[in-house]
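Have a look at the structure below, then the notes.
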Amino acid sequence: MSNDASQLSRWTPVIFRVVAVVLTLYPAVRKFTEYAARVDAFEEYGLPFPELAVPFTGVVELVAIVLIGFGIAGRLGAVGLGVGMVVAIAAAGPNPFSVLVLVSSVGIAVLGTGPYSAWDPTLRDLFGRLSGRDRVAAAVEE
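All you need for the numbering used here is the position in the sequence shown, starting with 1, plus 770.
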């Protein structure tokens with residue numbers, strides 16, 4: 771039983787990755803292929819500077835998809851995607867897809883990208899090395 775639980779916890783980040791990538795890819799591409807319609811939608815939602823917000827959002831989503839999909843600093847991609855989903859939900863209201871992507875983004879930000887990741891640093895990996903304590907500790911060890 772515990773082996774099943776450990777397998778589930780091991781693969782949960784991968785499930786989050788698949789959900790986030792699959793549900794975000796089409797809307798991200800539409801920001802470029804249906805630019806005028808997306809600008810109209812952003813205007814309807816009351817978002818500022820829709821002509822700039824549409825391509826900016828599309829780029830953020832596509833970068834997040836690549837980072838999450840390949841597991842290259844996927845936590846950073848998940849944070850960017852999560853912020854976008856919070857804005858989308860606040861502006862347009864929740865729908866099942868945006869809520870699932872938000873939940874997946876939070877899951878990836880917390881758990882990482884899991885197996886088959888190229889690079890999955892933790893916050894300590896990214897920022898811990900910059901702190902003075904770690905430099906002092908490293909100097910003492912030498």
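Even for Gly, the Cβ is constructed at its ideal location relative to N, Cα and C.
{"Item": "For residue 781: DSSP bridge partner residues", "Value": "According to DSSP, which records beta bridges pairwise, residue 781 is partnered with nothing at all."}
{"Item": "Residue 826 versus residue 773: straight-line alpha-carbon distance, rounded", "Value": "43 angstroms"}
{"Item": "Pairwise C-alpha distance: residue 801 and residue 812", "Value": "11 angstroms"}
{"Item": "At least 3 beta-carbon pairs within less than 8 angstroms: the segment 815 to 830 vs the segment 866 to 885", "Value": "no"}
{"Item": "Spatial distance of residue 847 from residue 776 (CA atoms)", "Value": "25 angstroms"}
{"Item": "Beta-carbon gap between residue 872 and residue 856 smaller than 8 angstroms", "Value": "yes"}
{"Item": "Secondary structure, alpha helix (DSSP H): runs of 4+ residues fully inside the segment 817 to 853", "Value": "820 to 840"}
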